[in-house]
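S.K.:
Numbering (our numbering), first residue to last: 29 to 439.
(1) On the criterion of 16 or more Cβ atoms from any shown chain inside 10 Å, does residue 150 qualify as buried, or is it exposed?
(2) Can you grab the Cα-Cα spacing for the pair residue 162 / residue 372, in whole Å?
(3) Report buried or exposed for residue 327, applying the criterion of at least 16 other Cβ atoms within 10 angstroms of its Cβ.
(4) Based on Cα-Cα distance, which residue from 182, 181, 167, 220 lies nearest to residue 206?
(5) Roughly how many angstroms separate the alpha carbons of residue 125 and residue 364, rounded to a whole number?
(6) State the start and end residues of the unbroken beta strand (DSSP E) segment that holds residue 249.
(7) Do residue 77 and residue 278 have their C-beta atoms within less than 8 Å of each other?
(8) Taking 8 Å as the threshold (C-beta atoms), are residue 408 and residue 265 in contact?
(9) Assuming residue 122 and residue 58 form a contact by the criterion Cβ under 8 Å, report the distance between their Cβ atoms to the nearest whole angstrom.
(10) Could you spell out the range, first to last residue, of the alpha helix (DSSP H) harbouring residue 108?
(11) Does any residue of chain D bring its CB to less than 8 Å from the CB of residue 92?
(12) Just the C-alpha distance for residue 90 and residue 56, rounded to the nearest angstrom, thanks.
(13) Just tell me which of 406, 422, 375, 160 has its CA closest to the CA of residue 394.
(14) Name the one or two DSSP bridge partners that residue 95 has.
(15) Go to residue 201, then tell me how far its alpha helix (DSSP H) extends in each direction, as first and last residue.
(16) Does the structure place the segment 219-231 close enough to the segment 302-310 that three or more beta carbon pairs sit under 8 Å?
(17) Hey, residue 325 and residue 283: beta-carbon distance below 8 Å or not?
(18) Are residue 300 and residue 253 closer than 8 Å when you measure CB to CB?
(19) Using DSSP with H/G/I as helix, E/B as strand and the rest coil, what is residue 54?
(20) Within the chosen definition, does the segment 96-110 reach the segment 290-297 through at least 3 CB pairs nearer than 8 Å?
(21) Output the boundary residues of the alpha helix (DSSP H) element that contains residue 329.
(22) For residue 215 versus residue 319, is the C-beta spacing smaller than 8 Å?
(23) Name the two residues that bound the continuous alpha helix (DSSP H) containing residue 389.
(24) Do residue 427 and residue 410 have their beta-carbon atoms positioned less than 8 Å apart in this structure?
(25) With a threshold of 7 Å (Cβ to nearest heavy atom), would residue 81 be considered close to the ligand SAH?
(26) Does DSSP put residue 211 in a helix, a strand or coil?
(27) Is it buried or exposed for residue 346, if we count other Cβ within 10 angstroms and need 16 for buried?
(28) Restricting to Cα atoms, I'd like to know which of 404, 367, 355, 380 is closest to residue 374.
(29) Can you give me the Cβ contacts of residue 368 inside the same chain, cut-off strictly under 8 Å, excluding the 5 residues immediately before and after it?
(30) Grouping DSSP H, G and I as helix and E and B as strand, with all else coil, what is residue 237?
(31) Would you list the one or two residues that DSSP bridges to residue 455?
(32) Assuming residue 42 is part of the alpha helix (DSSP H), what are its boundary residues?
(33) Residue 134 and residue 117: beta carbons closer than 8 Å?
(34) The alpha helix (DSSP H) that contains residue 303, what's its start and end?
(35) Go ahead and pull the three-state DSSP assignment for residue 419.
(36) Quick check: the Cα distance between residue 275 and residue 237, rounded to an integer number of angstroms?
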């Protein structure tokens, strides 16, 4: 990969035109065509993440005066006939002047069909978030109990124990209680944290979102936490695809490209926010009524979403940053729901058997079965589970190359 690929230089700018999309962008000299395409929002396959080894980012450039000469990787991967016909690898072609690029069909990242729904099971509704209506006695000269203790005592009478509250909410609490005339609805998380206090009408709903971050796709379910009804299901391709189809390419990009981890994290969070907006619009609710977001994904997607370095996952002994579940405030990640909502990420297991695998086991219920069962999750990263209520063993394998043809030279 060219060392100037993400840096550019100070020797001027050039206009790159992408066809048949008809998109033009001005970029600094020194960027690759793949970099320019990413900036322009033009999808070009780069299964290897732009390392010049998969040969999938094939483009056609008739007038190559604005490009660097073919690299050693291009000479190795492309026949002399193809090179003469103007074929180049986008990740190897450095912009040195104005250039027009044609992206052939086989190199385009096209919209894919995404399976959004599957196996359903009945569960007893017991959400982590619930609301409690509370009417408080007004303070007086004979009762000067502070506001939070007044609220805490009322909740304690409902059988709740020690409860914490975020500093920002504590700052707003005096105003909220008095404007609501001491009649409030308290939104609780796990019966241990007050995440919202509102006027006690009880008419506005309490909602949650469940997100599956796959290597190739994203799926979001918007759920009414009072009834358990799924109100909307939205899906999209994982926008990180432009930085590599497989997990290792993403890890390499996050680990070795300057700003790579932050860029991948921002892409997936922006995509999730877009799905949330679409789901809320369809359901006719406000985003600030979503009080919990539950997230699953394989270990690499889990780490990138949370902004944890995935570098150590790619080398022996394949150690994750964390195995246990993680809870982060939505505002800390930039998830556009109620700002003090908890974003709860399920635990990983080991290696690349991540939080999505935990969701598989919970959804199928094989952990409750007396019968020996096998569960197979086929995806870019695939997992296999064998077991029953006594024990379950699992392993993972990168099945993506079987679908994408990465590293295939013959056949």
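Every residue, glycine too, gets a C-beta built ideally from N, C-alpha and C.
M.R.: In short:
(1) Against the chain shown, residue 150 aligns to sequence position 122. By the neighbour-count rule (16 or more Cβ atoms within 10 Å), residue 150 is not buried but exposed.
(2) For this step, residue 162 is matched to residue 134 along the chain shown. For this step, residue 372 is matched to residue 344 along the chain shown. Going by the C-alpha atoms only, they are around 27 Å apart.
(3) Walking along the chain shown from the start, residue 327 turns up at place 299. Counting Cβ neighbours within 10 Å, residue 327 comes out buried, since at least 16 surround it.
(4) For this step, residue 206 is matched to residue 178 along the chain shown. With respect to the C-alpha of residue 206, the residue from 182, 181, 167, 220 having the closest C-alpha is 167.
(5) By 1-based counting over the chain shown, the position of residue 125 is 97. By 1-based counting over the chain shown, the position of residue 364 is 336. In a straight line, the C-alpha of residue 125 is about 40 Å away from that of residue 364.
(6) The sequence position of residue 249 within the chain shown is 221, counting from 1. Start and end: 245-252.
(7) As a first step, residue 77 must be located in the chain shown, where it is residue number 49. As a first step, residue 278 must be located in the chain shown, where it is residue number 250. Going by C-beta atoms, residue 77 is nearer than 8 Å to residue 278.
(8) By one-based count along the chain shown, residue 265 stands at place 237. By one-based count along the chain shown, residue 408 stands at place 380. No. Outside cutoff.
(9) For this step, residue 122 is matched to residue 94 along the chain shown. For this step, residue 58 is matched to residue 30 along the chain shown. Contact holds; Cβ gap of about 6 Å.
(10) Numbered from its first residue, the chain shown carries residue 108 at position 80. Start and end: 108-112.
(11) Although the question refers to chain D, the structure presented lacks it and comprises just one protein chain.
(12) Residue 90 sits at position 62 when you count from the first residue of the chain shown. Residue 56 sits at position 28 when you count from the first residue of the chain shown. For residue 90 and residue 56, the distance between alpha carbons rounds to 21 Å.
(13) Sequence index remark: in the chain shown, residue 394 carries index 366 (1-based). The shortest C-alpha separation from residue 394 is found at 422.
(14) Here residue 95 corresponds to residue number 67 of the chain shown, with the count starting at 1. Note: residue 95 sits in a beta bridge opposite 123.
(15) The residue labelled residue 201 in the question sits at position 173 within the chain shown. Where residue 201 is concerned, the enclosing alpha helix (DSSP H) stretches over 195-207.
(16) No contact exists between the segment 302-310 and the segment 219-231.
(17) The residue given as residue 325 occupies position 297 in the chain shown. The residue given as residue 283 occupies position 255 in the chain shown. No.
(18) The count along the chain shown starts at 1 and reaches residue 300 at position 272. The count along the chain shown starts at 1 and reaches residue 253 at position 225. Not in contact: residue 300 and residue 253 (Cβ atoms no closer than 8 Å).
(19) Along the chain shown, one-based indexing puts residue 54 at 26. DSSP, reduced to helix, strand and coil, places residue 54 within a strand of the structure shown.
(20) At 8 Å Cβ cutoff, the stretches do not touch.
(21) Along the chain shown, read from residue 1 onward, the residue named residue 329 stands at position 301. That run of the alpha helix (DSSP H) goes 327-334.
(22) For the purposes of this step, residue 215 is taken as residue 187 along the chain shown, with counting starting at 1. For the purposes of this step, residue 319 is taken as residue 291 along the chain shown, with counting starting at 1. Their beta carbons are under 8 Å apart, which means residue 215 touches residue 319 by this criterion.
(23) Counting from one through the chain shown, the residue named residue 389 turns up at place 361. Unbroken alpha helix (DSSP H) run through residue 389: 383-392.
(24) Here residue 410 is taken as the residue at index 382 of the chain shown, counted from 1. Here residue 427 is taken as the residue at index 399 of the chain shown, counted from 1. In contact: residue 410 and residue 427 (Cβ atoms closer than 8 Å).
(25) With respect to the ligand SAH, the structure shown offers nothing to examine, as it has no ligands at all.
(26) Within the chain shown, the letter at position 183 stands for residue 211. In this structure, DSSP gives residue 211 an extended state, which the three-state scheme calls strand.
(27) In the chain shown, counting from the first residue as 1, residue 346 sits at position 318. Result: exposed.
(28) Locating residue 374 in the chain shown gives position 346, counting from the first residue. Measuring from the Cα of residue 374, the nearest candidate turns out to be 355.
(29) Numbered from its first residue, the chain shown carries residue 368 at position 340. Counting only Cβ-Cβ distances below 8 Å, and skipping sequence neighbours, we find 194, 196, 197, 223, 224, 357, 358, 359.
(30) Reading the chain shown from its first residue, position 209 is the one you call residue 237. Residue 237: strand per DSSP, three-state reduction.
(31) Since the displayed the chain opens at 29 and closes at 439, residue 455 lies outside it and no answer follows.
(32) Residue numbering aside, residue 42 sits at position 14 when the chain shown is read from its first letter. Counting along the chain, residue 42 falls outside any alpha helix (DSSP H), though it belongs to the beta strand (DSSP E) covering 41-47.
(33) As a first step, residue 134 is located in the chain shown; it is residue number 106 there, counting from the start. As a first step, residue 117 is located in the chain shown; it is residue number 89 there, counting from the start. Taking 8 Å as the Cβ cut-off, residue 134 and residue 117 do not qualify as a contacting pair.
(34) In the chain shown, counting from the first residue as 1, residue 303 sits at position 275. Residue 303: member of the alpha helix (DSSP H) spanning 288-311, first to last residue.
(35) Position 391 of the chain shown holds residue 419. In the structure shown, residue 419 falls within a coil segment according to DSSP collapsed to helix, strand and coil.
(36) The residue labelled residue 275 in the question sits at position 247 within the chain shown. The residue labelled residue 237 in the question sits at position 209 within the chain shown. In a straight line, the C-alpha of residue 275 is about 25 Å away from that of residue 237.
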